[in-house]
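Below: one structure, written as structure tokens.
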Amino acid sequence: MSLLLKIEGLTVAYESDSKRLLAVNNVDLEIFQGEIFGLAGESACGKTTLANSILRLIKPPGRIISGRVIFDGVDLLSLGEEDLRRIRWEKIAYIPQASMSALNPVMRIYDQIVDVVRAHRKDFPEEEIRRRAEELFVSVGLAPEVLKMYPHELSGGMRQRVIIAMSLFLNPKLLIADEPTTALDVVVQRGILQLLRDINKKFGTTILLITHDMAVHAQIVDRLAIMYAGKIVEVGPVKDIFERPLHPYTQLLIASIPRVGEKRRLAGIPGLPPDLRNPPPGCMFHPRCPLRIQGKCERVEPALRQVSNERKVACHLYEG
Amino acid sequence: MGVSGVNLLELRGVSKTFVSGFLFFRRKVVAVDKVSFSIPGEKPTVFVLAGESGSGKSTIARIILRFIKPDEGEVLYRGRNILAFNSKELLLYRREVQAVFQDPYSAFNPVYPVDHILSITARRMGVAQGKEVDEVIDEALVSVGLRPEEIRGKYPYQLSGGQRQRVLLARALILRPKLIVADEPVSMLDASLRAEILNLMLDLKAKHGVSFLYITHDLSTASYVGDYIAVLYKGSLVEMGPIDDVISSPYHPYTQLLMSSIPVPDPSRRWQERVAAPEVSAARGPVSGCKFYDRCPLRKEECRRAPPTLKKIGNRYVACYLY
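The listed protein sequences derive, respectively, from chains P and L.
One point on numbering: in the working numbering, the residue at position 102 of the first sequence is 176, and numbering is uninterrupted.
One point on numbering: in the working numbering, the residue at position 45 of the second sequence is 80, and numbering is uninterrupted.
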């Protein structure tokens with residue numbers, strides 16, 4: 075498989091008068107052509123900031139401090155604003171959190187699609203837009219009549235399908251979806267997740283799926299990265315991670331998920347994520363880690379290392 | 036379930052309709068439609084009220100807490116209608132039935148330390164006076180797994196979501212409640228903190244004899260803490276019974292659909308067949324028969340005629356023409 079997106083040493087900071095907080099801290103990530111890649115982690119671990127920085131959507135007081143984001147051979151972080159604008163939506167479509175609530179309530183769906191297309195491609199012929207919209211609506215499981223409707227006439231799941239159809243309009247290579255099913259009911263969630271799988275299969279679209287919900291990752295992603303306090307702590311095929319999680323954080327995270335019909339007492343993770351304005355020395359997870367090595371973990375920060383063919387982990391337990 | 040005389044809480048044919056819009060655009064929304072269920076009083080129980088958004092589960096919580104009045108039917112607490120309480124009974128009800136909500140931040144007044152909500156509760160409800168107040172507060176904080184010296188004097192923004200939810204459970208505990216209405220208490224919490232709050236609910240049931248009405252859309256957490264479950268669909272009960280039975284073999288097609296849609300946190304057990312439940316447009320006229328008709332894979336002609344009633348099958352209740 076060929077590499078589609080390569081993130082190297084990406085660091086994003088939020089700065090106030092005197093303090094600097096690293097929301098994304100020296101992150102390396104590789105996403106291959108045609109895969110569904112999952113990014114997991116709990117709230118405020120930096121998932122969304124990482125997604126935003128791929129398309130340089132970080133707003134002050136946030137700032138990308140260092141790193142490279144190489145998409146299809148081009149470093150997006152050094153690209154001019156006009157060139158970057160062409161990549162957004164045309165090459166990389168981004169569905170931010172809660173975008174299904176961002177549809178204009180007083181415009182018909184079709185008119186909104188025309189608006190978005192024209193914003194990027196002024197010369198796109200009208201009949202082409204209609205043809206493509208109808209074709210995509212069928213692909214995402216919506217009747218073409220929905221084009222004539224207003225957002226309030228649609229259910230949450232239908233609105234999310236509209237957003238997905240719009241994101242696919244110019245046949246992007248990469249689709250980034252941030253918590254696309256979080257506000258939806260389980261039945262509808264299942265339909266949307268199956269749709270993402272279908273799109274991946276049918277159009278070969280690479281998908282970066284961001285969600286805190288480990289069960290969702292287990293159901294649809296191929297490879298998974300676990301983020302904690304701004305850092306990637308583990309990467310690997312989703313099956314391997316669930317079968318044998320390496321990082322103690324991943325182990326505890328998986329043990330804290332309730333499974334239907336199981337009454338085994340859930341573990342939970344004692345303590346709290348660190349205050350990133352005053353991060354702990356050494357490993358970010360050491361204050362909560364049941365397996366910490368005294369004298370090492372609180373002093374030396376573990377690097378994300380390759381431990382087997384397809385797996386990487388940032389933990390001193392797997393060194394040497 | 037159980038004889039009405041000993042039930043802790045019982046709903047009998049409770050209905051609530053909301054009217055929205057104005058003049059020609061008036062629209063009636065039946066939020067709760069003749070719902071009946073009971074939480075037994077013999078021993079502490081976690082009764083789950085499950086349903087999707089718009090199923091009416093939070094409206095039921097608000098009716099039980101007397102925030103709104105039902106249009107029809109009645110709510111009985113220990114056999115007495117909660118709307119017919121005299122002032123003394125009402126005070127007792129306000130002590131014995133407590134609530135915990137989804138957002139553990141909005142329950143606090145941000146300008147006061149979190150002790151405030153605890154001491155106000157203890158004083159106003161006549162639990163303790165003077166120096167005893169501090170003892171009562173510390174005891175409640177310890178019961179929910181918090182260290183009083185770490186929590187007291189802190190402002191709400193200084194605590195995590197899990198800690199705030201614990202403080203609110205401590206507040207409820209001060210009043211020695213018999214029932215806590217918990218409306219999505221963990222849905223805003225991260226997985227690691229969620230597990231701790233669910234465990235705390237189980238501990239409060241076992242050690243303090245507290246029953247819960249656990250309202251949620253999340254059947255995984257429901258199955259972890261629940262004893263009984265009632266499944267709501269668009270304001271109507273479709274299935275009710277012991278939770279392990281309902282989850283292992285759901286009878287109603289909607290419960291079956293719900294169960295098969297829960298993502299299993301195991302990549303080697305992925306969804307195989309596709310789900311064939313059409314999504315229904317938000318703007319839809321009233322339905323005369325079964326409300327699940329247009330999404331039901333097993334529908335029959337008779338389902339359109341009249342809404343099915345709740346029938347008893349073994350230890351379970353199901354509202355479906357298949358049975």
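Beta carbons are placed, not taken as given, at the ideal position from N, Cα and C, and that holds for glycine.
* Asked: Would G342 (chain P) count as contacting chain L if we go by Cβ distances under 8 Å?
  -> Output row for G342 (chain P): interface = yes.
* Tell me whether D149 (chain P) is buried or exposed, calling it buried when 16 or more other Cβ atoms sit within 10 Å of its Cβ. => That one is exposed.
* Asked: Given that V299 (chain L) touches chain P, what residues does it touch there, using C-beta distances under 9 Å?
  -> When 9 Å is used as the limit between beta carbons, V299 (chain L) is near these residues of chain P: A289, A292, Q293, R333, V334, in chain order.
* Nearest to A226 (chain L) by alpha carbon, out of P:I328, P:P355, P:H390, P:I281? -> Comparing Cα-Cα distances from A226 (chain L) to each of P:I328, P:P355, P:H390, P:I281, the minimum goes to P:I328.
* Where the beta strand (DSSP E) containing Y302 (chain P) begins and where it ends -> Here the beta strand (DSSP E) through Y302 (chain P) covers 297-302.
* To do: For I166 (chain P), write down the residues that DSSP places opposite it in a beta bridge.
  => Its beta-bridge partners are P:R162, P:L248.
* Could you tell me which residues DSSP puts in a beta bridge with Q307 (chain L)? => DSSP, once it has assigned bridges, lists no residue as partnering Q307 (chain L).
* Smallest Cα separation from I110 (chain P): which of P:R271, P:T285, P:V381? -> Nearest option by C-alpha distance: P:R271.
* **Element boundaries [alpha helix (DSSP H), containing P322 (chain P)]** => In the DSSP assignment, P322 (chain P) falls within the unbroken alpha helix (DSSP H) covering 322-329.
* Asked: Who are M275 (chain L)'s beta bridge partners in DSSP?
  -> According to DSSP, M275 (chain L) bridges with L:A265, L:Y352.
* **Three-state secondary structure (DSSP) of L131 (chain P)** => In this structure, L131 (chain P) counts as coil in the three-state DSSP scheme.
* **Contacts around V307 (chain P), its chain only, beta-carbon distance under 6 Å, and the 5 residues preceding and following it disregarded** => Contacts found: I300, H321, Y323, A388.
* Compare the C-beta of L95 (chain P) with all C-beta atoms of chain L and state if any pair is closer than 8 Å. => So no, L95 (chain P) is outside the interface.
* To do: Round the Cβ separation of L208 (chain L) and H243 (chain L) to the nearest angstrom and send it over; I've been treating them as touching at under 8 Å.
  => Your pair L208 (chain L) and H243 (chain L) checks out as a contact, with CB atoms roughly 7 Å apart and the cut at 8 Å.
* Got a sec: is the Cβ-Cβ distance from L326 (chain P) to anything in chain L below 8 Å? -> Yes - at least one Cβ of chain L is within 8 Å of the one on L326 (chain P).
* Asked: In whole angstroms, what is the alpha-carbon distance linking D301 (chain L) and V334 (chain P)?
  -> Spanning the two alpha carbons is a distance of roughly 12 Å.
* Are the C-beta of F316 (chain P) and some C-beta of chain L separated by less than 8 Å? -> True, the Cβ-Cβ gap to chain L drops below 8 Å.
* To do: Determine the extent of the alpha helix (DSSP H) in which Y259 (chain L) is found, giving its start and end residues.
  => Per DSSP, the continuous alpha helix (DSSP H) segment holding Y259 (chain L) begins and ends at 254-260.
* If you drop the 5 nearest sequence neighbours on each side, which residues of the same chain put their C-beta closer than 7 Å to that of G231 (chain P)? -> Only L258, V262, G265, I266 meet the Cβ criterion.
* To do: Could you please tell me which residues of the stretch 88-117 of chain P, in chain order, have their CB closer than 8 Å to any CB of chain L?
  => From the stretch 88-117 of chain P, only E116, S117 have a Cβ closer than 8 Å to chain L.
* To do: Let me know the secondary structure DSSP gives L248 (chain L) once reduced to three states.
  => Correct three-state label for L248 (chain L): strand.
* Asked: Nearest to H287 (chain L) by CA position, among L:Y352, L:L228, L:S255, L:G161, is which residue?
  -> For H287 (chain L), the closest C-alpha among the options L:Y352, L:L228, L:S255, L:G161 is that of L:Y352.
* Any Cβ of chain L within less than 8 Å of the Cβ of L78 (chain P)? -> Proximity of L78 (chain P) to chain L, defined by a Cβ-Cβ separation below 8 Å, is not satisfied.
* Endpoints, beta strand (DSSP E) assigned at A85 (chain L) -> Counting along the chain, the beta strand (DSSP E) containing A85 (chain L) begins and ends at 81-85.
* Asked: What did DSSP end up calling V38 (chain L) once you bin it into helix, strand or coil?
  -> Note that V38 (chain L) has pLDDT 45, beneath the 50 cutoff, so the model's placement of it is unreliable and no number is given.
* Euclidean distance between Cα positions of I186 (chain L) and V149 (chain L) -> For I186 (chain L) and V149 (chain L), the gap between their C-alpha atoms comes out near 8 Å.
* Using DSSP with H/G/I as helix, E/B as strand and the rest coil, what is Q193 (chain L)? -> Helix at Q193 (chain L).
* Listed by chain order, chain P residues near I282 (chain L) by CB distance under 7 Å -> What I282 (chain L) touches in chain P, judged by beta-carbon distance under 7 Å, is V334, G335, going in chain order.
* Asked: Beta-carbon of L248 (chain L) versus every beta-carbon of chain P: anything under 8 Å?
  -> Residue-level contact by beta carbon fails for L248 (chain L) and chain P, as no gap is shorter than 8 Å.
* Since A217 (chain L) sits in a beta bridge, which residues does DSSP pair it with? -> Answer is L:V135, L:Y249, bridged to A217 (chain L).
* If you draw a straight line from the alpha carbon of C325 (chain L) to that of L292 (chain L), how long is it in whole angstroms? -> Rounded to the nearest whole angstrom, the CA to CA distance from C325 (chain L) to L292 (chain L) is 16 Å.
* Residue-level contact to chain L via CB, R366 (chain P), 8 Å cutoff -> With 8 Å as the cut-off, R366 (chain P) does not count as an interface residue toward chain L.
* Asked: What span of residues does the beta strand (DSSP E) with K305 (chain P) cover, start to end?
  -> Counting along the chain, the beta strand (DSSP E) containing K305 (chain P) begins and ends at 305-311.
* To do: Check whether the Cβ of L46 (chain L) lies closer than 8 Å to any Cβ atom in chain P.
  => Not an interface residue.
* Could you have a look at S55 (chain L) and say whether DSSP puts it in helix, strand or coil? => Here S55 (chain L) sits in strand by DSSP.
* Name the chain L residues that come within less than 9 Å of V312 (chain P), Cβ to Cβ? -> From the beta-carbon of V312 (chain P), the residues of chain L found nearer than 9 Å are P302.
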